[in-house]
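J.: The structure that follows is given in the form of C-alpha cells.
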Amino acid sequence: MRIIGIGNRLRGDDAAGPLVAERLAALDLGLEVIELDGDGTRLLETLEGAADVIVIDAMRSGAAPGTIRRFDAASETLPAGAFHYSSHAFGVAEAIETARAIDTLPANLTIYGIEGAGFDFGAPLDAAVERAIDALVAAIRLELSSPSAAAASPAANSSPASTAR
Amino acid sequence: MSRVETRNPDRDRPGRVIKVDALARVEGEGALYVRVKNDVIEDVKFRIFEPPRFFEALLRGRPYGDAPDITARICGICPIAYMLGASRAMEDALGVTVDGALADLRRLIYCGEWIESHVLHAAMLHAPDFLGMPDAFAFAKANPDAVKAALRLKKLGNTILEAVGGRAVHPVNLCVGGFYKVPRKRDLQALLGEIEFGIEASATLAKAFAGFDYPDFDYDYTCVSMKTPGAYAIEDGTLVSNRGLDIAVADFPDHFFEEHVAHSNALHGRMRDGSAYLVGPIARYNNNAADLSPAARDLAREVGLGDVVTNPFRSILVRMVETFYACEEALRIVAGYEEPDAPRVAIEPRAGRGFGVTEAPRGICWHSYELDDEGRILSATIVPPTSQNQPQIETDLAGVIARNLDLDDEALKWRCEQTIRNYDPCISCATHFLDLTVERV
C-alpha cells in the first residue's frame, strides 16, 4: 500500500496531507509513505507502478473546516475545484484525471480530502483540521485492517461535528 | 478559480467589469485589471500579490557559498537558473573560472531544467489553451499518446537534474566553483537511451503543436537575451538585443532598471529609456536562432518559425524547439563526458563585486553580489525574468484586448489568460496567482 500525503507543511492547513501520512508511517504497518508538494506531474509519476494507493490532501471546497471527504478514483471523477488551491495549477485533481485518461490509474485509488480553514504561510493548524487529522488516521488504519470498514467508517465523508469528539 | 463579474452585461452600452480571481496554470499568485472606456483601453495592470520574499536581504552577512542554495529556493521549477546565476556571480567576484568538464556538466543540468520546465508548460499548461480546453486532463483525454510522451520527456529533465544535481527539485550538488561530487561516467551514459527518446518526442510534440490555430497578434519586440559564441545561449555569454545592444554582464544596470509600481509586489524591469522589453524563449530565438544546431533549425522551419518570431502565442513552438535542442545538447555532452580530476575549482575568499547571468527557461536571470574580504555577502541584487517581462505582458495584453473587444467577457478573459501564459510567468520568482478585471466604463 502506497500512502501519498500532499501539501506544504509551512502553509497552515495545507499540512494536513503530510501530517496524516507521517502519522500513518509511524504506525509501522509496512506502508510505503511518500510526501509530495502538490505538483501534479510529480503525483502522476508517484502513482505509477502501484496497485493500491491512498492520497491525502487538503481541500478548499467551501465546506466547513475539518470536513473529510472520501473519493474512490475508480468509480468517480474528482471535483477539480476542491483540490485546486495550490499555486501549482496542474494539481491533484488534474493529475488523477490525466492518469485516468492515459490509463495509468492504480487499480485501487482512494483520495481523502480534509477541508482547510486557512493556507497562510506560517499559520497554525485549525483546531477542526487537527481533529480531522486524528479521525482520518484512525479511519485509514481501520480501512487497512478491514477494507470493507472504509465506507462504514464514521470519519469517511464526515462533517466536522461528527469528528469533534 | 476564475470568476467573471459583469457590471453591465450589455456591451452596446459602455461599462462592464470582467474579474478573474485567480489565473490558473501559472506559477504563483497574480491578478489582471483592465479598464476600457468607449472601446478604448485606458489602463492595463498586471498585479502580482504573491508576497515579497526579501531574499536579497536574507543573503546579507552570509558566506558567499550560501548563495546558490538559498537563491535556489526562489523557485521550485527553475532552481538551476538561480544556483548557476549566483555561482557565476560569485566566481566573477572571487576571480575564478569554471571550464572544461565542469562547465559541460553545468550546461547539461541546465538542459535538464529547460526540458522539465518547457515541457511542463508547453504540454500540460499552455497546449490546452489552443484547443479550447479548460484543463490539462481534457487534453490528455483527446491526446493520450502526446501526454504520455510529454510526461516521459519531463521526467527525462528531472532525471538529468537527479544524475548531475543529486535530486530533481532544489538539487544539492552544485556549489560555487563547480560541484560537491561529479557524476560517474557510467551513470550519465545510462541516460543516453532516454535522451534519444527525448530528441524524437520533442520533435513530435513540436510538430503536433504547429497545427494549433494561433491568434492573430504580432509585436515588434525589443528582444534581450544572452549571446554565446558558437552555441545557443543557455548558461554562458554576454547580453545582447535585436536593437544593437551588446554589453558585458556587469553593465546590465547601465541599460536596465527595476521600478516599484503601486499595483504589484513585483518590481517592473524597463530599459533606461523607460521602454518595455522581452526576455525568454522568443527573445532568445530571435537573437540566437542561427546558433541552433542544424537539426533544431530544420525543426524550427518545419513548425513554421521564421528567422524572427513576432507572435507571442508561438512561444509554445519556440519552447519545443529549445527542448529539442536541449536534448541534443544533453546527448552531445553525455556522449563526450569524461570524469574530471577535481569536482570544483579551489577558491580563496576575498573582497569583490561580481555579476552573473544565465538564461532561465523564462528569460535572463541576473545576479550581482558584493563581498567583504572574508567572502561574506555585503549586498545582493537579483533580477528574475518575470519582473523584466511584466511591462511587456501589460503591453501585449493591451494589444490583444484592443483586437478582441468584440469577444464576450468569458472569451476575452480566456484570451487574456492565454496571453499571460505565453510568458510562462513565474510569479513566485518575480516577487521576490491571477485575478483578471476588465472594466468597461
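Line by line, the protein sequences are chains A and B. Each residue of the first sequence is one higher than the one before, counting from 29 in this note's numbering. Each residue of the second sequence is one higher than the one before, counting from 4 in this note's numbering. Idealized CB from N, CA, C, for every residue including glycine. Remember, it's a predicted structure, so these values are computed and weren't measured experimentally.
(1) Would you call the stretch 383 to 402 of chain B and the stretch 34 to 49 of chain B touching, i.e. three or more CB-CB distances under 8 Å?
(2) Check this for me: beta carbons of Asp-294 (chain B) and Tyr-372 (chain B), under 7 Å apart or not?
(3) Taking a Cβ distance cut-off of 7 Å, strictly less, list which residues of the stretch 125 to 158 of chain B are near chain A, in chain order.
(4) Apart from the five residues just before and just after Gly-146 (chain A), which ones in its own chain have a Cβ nearer than 8 Å to its Cβ?
(5) Does Phe-147 (chain A) get closer than 7 Å to chain B when you measure Cβ to Cβ?
(6) Taking its Cβ as the centre, do 16 or more other Cβ atoms sit within 10 Å of Asn-161 (chain B), making it buried, or is it exposed?
(7) Below 8 Å on C-beta distance, what does Leu-123 (chain B) contact in chain A?
(8) Quick one: give me the first and last residue of the alpha helix (DSSP H) that Asn-407 (chain B) is part of.
(9) Considering only their Cβ atoms, is the gap separating Cys-330 (chain B) from Ser-244 (chain B) smaller than 7 Å?
(10) Is it buried or exposed, Pro-428 (chain B), if we count other Cβ atoms within 10 angstroms and call 16 or more buried?
(11) In angstroms with no decimal places, state the Cα-to-Cα distance between Asn-392 (chain B) and Arg-51 (chain A).
(12) In whole angstroms, what is the alpha-carbon distance linking Tyr-340 (chain B) and Lys-188 (chain B)?
(13) Which term fits Ser-173 (chain A), buried or exposed, when burial requires 16 or more other beta carbons within 10 angstroms of its beta carbon?
(14) When the Cα of Leu-105 (chain B) is compared with those of B:Leu-177, B:Asp-42 and B:Glu-325, which residue comes out closest?
(15) Using only the alpha-carbon positions, how far apart do Arg-322 (chain B) and Thr-69 (chain A) sit?
(16) Please check if any C-beta of chain B sits within less than 7 Å of the C-beta of Ile-130 (chain A).
(17) What is the DSSP secondary structure of Pro-66 (chain B), reduced to helix, strand or coil?
(18) Secondary structure at Ser-205 (chain B), three-state DSSP: helix, strand or coil?
(19) What in chain B is Cβ-close to Glu-73 (chain A), meaning under 7 Å?
(20) Which residue marks the beginning of the alpha helix (DSSP H) containing His-121 (chain B), and which one marks its end?
(21) Would you tell me roughly how many angstroms separate the C-alpha atoms of Glu-63 (chain A) and Leu-108 (chain B), rounded to the nearest one?
(22) Taking the CB atoms as reference points, tell me whether Val-99 (chain B) and Ile-367 (chain B) lie closer together than 7 Å.
(23) Based on Cα-Cα distance, which residue from B:Glu-238, B:Val-312, B:Gly-240 and B:Asn-290 lies nearest to Arg-246 (chain B)?
(24) So which of B:Trp-117, B:Leu-123 and B:Thr-241 has the shortest CA-CA distance to Arg-91 (chain B)?
(25) Do you know offhand how far Asp-85 (chain A)'s Cα is from Asn-36 (chain A)'s?
(26) What number of angstroms, rounded off, separates the C-alpha of Phe-99 (chain A) from the C-alpha of Ile-31 (chain A)?
(27) Could you pull the DSSP bridge partners for His-263 (chain B) from this structure?
(28) If we ignore side chains and look at the alpha-carbon of each, how far apart do His-112 (chain A) and Met-127 (chain B) end up?
(29) Which first and last residues belong to the alpha helix (DSSP H) in which Phe-57 (chain B) is found?
(30) Please classify Ser-390 (chain B): does DSSP put it in a helix, a strand, or coil?
(31) Please go through the same chain and pick out, in chain order, the residues whose beta-carbon is closer than 6 Å to the beta-carbon of Leu-334 (chain B), but skip the five residues on each side of it.
(32) Taking the C-alpha atoms as reference points, what is the distance between Gly-168 (chain B) and Ile-130 (chain A)?
(33) Starting from the Cα of Met-87 (chain A), find the closest Cα among A:Leu-133, A:Gly-141, A:Ala-102 and A:Leu-71 and give me that residue.
(34) If we ignore side chains and look at the alpha-carbon of each, how far apart do Phe-215 (chain B) and Pro-315 (chain B) end up?
T.: On the basis of the supplied data:
(1) The stretch 383 to 402 of chain B is in contact with the stretch 34 to 49 of chain B.
(2) As a working mapping, residue 294 (chain B) is identified with position 291 in the second sequence. As a working mapping, residue 372 (chain B) is identified with position 369 in the second sequence. At least 7 Å separates the beta-carbon of Asp-294 (chain B) from that of Tyr-372 (chain B).
(3) Taking a C-beta cut-off of 7 Å against chain A, the contacting residues of the stretch 125 to 158 of chain B are Met-127, Leu-128, Asp-138, Ala-139, Phe-140, Ala-143, Lys-144, Pro-147, Val-150, Lys-151, Leu-154, Lys-157 and Lys-158, listed in chain order.
(4) Position 118 of the first sequence, counting from 1, holds the residue named residue 146 (chain A). If the five residues before and after Gly-146 (chain A) are omitted, its C-beta is found closer than 8 Å to the C-beta atoms of Gly-40, Asp-41 and Asp-154, all from its own chain and listed in chain order.
(5) The residue labelled residue 147 (chain A) in the question sits at position 119 within the first sequence. No, Phe-147 (chain A) lies away from the interface with chain B (no Cβ there is under 7 Å from its Cβ).
(6) As a working note, residue 161 (chain B) is residue 158 in the second sequence. Asn-161 (chain B) is buried by the Cβ-count criterion.
(7) For this step, residue 123 (chain B) is matched to residue 120 along the second sequence. Ordered by position in chain A, the residues that pass the 8 Å Cβ test against Leu-123 (chain B) are Thr-69 and Phe-118.
(8) On the second sequence, position 404 is the one that residue 407 (chain B) refers to. Taken as a continuous stretch (DSSP letters only), Asn-407 (chain B) belongs to no alpha helix (DSSP H), as it is neither H nor E.
(9) Locating residue 244 (chain B) in the second sequence gives position 241, counting from the first residue. Locating residue 330 (chain B) in the second sequence gives position 327, counting from the first residue. Taking 7 Å as the Cβ cut-off, Ser-244 (chain B) and Cys-330 (chain B) do not qualify as a contacting pair.
(10) Position 425 of the second sequence holds residue 428 (chain B). By the 10 Å Cβ count, Pro-428 (chain B) comes out buried.
(11) Start at 1 with the first residue of the second sequence, and residue 392 (chain B) comes out as number 389. Start at 1 with the first residue of the first sequence, and residue 51 (chain A) comes out as number 23. Asn-392 (chain B) and Arg-51 (chain A) have their C-alpha atoms spaced approximately 44 Å apart.
(12) The sequence position of residue 340 (chain B) within the second sequence is 337, counting from 1. The sequence position of residue 188 (chain B) within the second sequence is 185, counting from 1. For the pair Tyr-340 (chain B) and Lys-188 (chain B), the Cα-to-Cα distance works out to about 7 Å.
(13) Numbered from its first residue, the first sequence carries residue 173 (chain A) at position 145. By the 10 Å Cβ count, Ser-173 (chain A) comes out exposed.
(14) Translated into the one-based positions of the second sequence, residue 105 (chain B) becomes position 102. Considering only alpha carbons, the answer is B:Leu-177.
(15) To locate residue 322 (chain B), count along the second sequence from 1; it is residue 319. To locate residue 69 (chain A), count along the first sequence from 1; it is residue 41. Those two C-alpha atoms are separated by around 18 Å.
(16) As a first step, residue 130 (chain A) is located in the first sequence; it is residue number 102 there, counting from the start. Output row for Ile-130 (chain A): interface = yes.
(17) By 1-based counting over the second sequence, the position of residue 66 (chain B) is 63. Strand at Pro-66 (chain B).
(18) For the purposes of this step, residue 205 (chain B) is taken as residue 202 along the second sequence, with counting starting at 1. Assigned with DSSP and collapsed to three states, Ser-205 (chain B) falls in helix.
(19) Along the first sequence, one-based indexing puts residue 73 (chain A) at 45. Here the neighbours are Lys-158.
(20) Reading the second sequence from its first residue, position 118 is the one you call residue 121 (chain B). Taken as a continuous stretch (DSSP letters only), the alpha helix (DSSP H) holding His-121 (chain B) covers 103 to 122.
(21) The sequence position of residue 63 (chain A) within the first sequence is 35, counting from 1. The sequence position of residue 108 (chain B) within the second sequence is 105, counting from 1. If I take the Cα positions, the gap works out to 29 Å.
(22) Taking the first residue of the second sequence as position 1, residue 99 (chain B) is located at position 96. Taking the first residue of the second sequence as position 1, residue 367 (chain B) is located at position 364. No, the pair does not count as a contact, with Cβ atoms beyond the cut-off.
(23) Start at 1 with the first residue of the second sequence, and residue 246 (chain B) comes out as number 243. Of the candidates B:Glu-238, B:Val-312, B:Gly-240 and B:Asn-290, the one whose C-alpha sits nearest the C-alpha of Arg-246 (chain B) is B:Asn-290.
(24) By one-based count along the second sequence, residue 91 (chain B) stands at place 88. Residue B:Thr-241 is the option with its Cα nearest to Arg-91 (chain B).
(25) The residue labelled residue 85 (chain A) in the question sits at position 57 within the first sequence. The residue labelled residue 36 (chain A) in the question sits at position 8 within the first sequence. Roughly 10 Å separates the two Cα atoms.
(26) Residue numbering aside, residue 99 (chain A) sits at position 71 when the first sequence is read from its first letter. Residue numbering aside, residue 31 (chain A) sits at position 3 when the first sequence is read from its first letter. Their Cα atoms are separated by approximately 15 Å.
(27) Residue numbering aside, residue 263 (chain B) sits at position 260 when the second sequence is read from its first letter. BP columns for His-263 (chain B) are empty, so no partner.
(28) Stepping through the first sequence from its first residue, residue 112 (chain A) is reached at position 84. Stepping through the second sequence from its first residue, residue 127 (chain B) is reached at position 124. For His-112 (chain A), the pLDDT reaches just 47, beneath the cut-off of 50, and the residue's location in the model is therefore unreliable, although a value from the coordinates is still provided. Taking the straight line from one Cα to the other gives about 15 Å.
(29) Taking the first residue of the second sequence as position 1, residue 57 (chain B) is located at position 54. Careful: Phe-57 (chain B) lies outside any alpha helix (DSSP H) and carries neither H nor E.
(30) Here the question's residue 390 (chain B) lines up with position 387 in the second sequence. The three-state secondary structure of Ser-390 (chain B), taken from DSSP, is helix.
(31) Walking along the second sequence from the start, residue 334 (chain B) turns up at place 331. Hits under 6 Å: Ile-198.
(32) Residue 168 (chain B) sits at position 165 when you count from the first residue of the second sequence. Residue 130 (chain A) sits at position 102 when you count from the first residue of the first sequence. Each residue's alpha carbon lies about 30 Å from the other.
(33) Taking the first sequence and counting its residues from 1, the one referred to as residue 87 (chain A) is at position 59. Checked all of A:Leu-133, A:Gly-141, A:Ala-102 and A:Leu-71; the closest Cα to Met-87 (chain A) is A:Gly-141.
(34) Here the question's residue 215 (chain B) lines up with position 212 in the second sequence. Here the question's residue 315 (chain B) lines up with position 312 in the second sequence. Phe-215 (chain B) and Pro-315 (chain B): Cα-Cα distance of roughly 14 Å.
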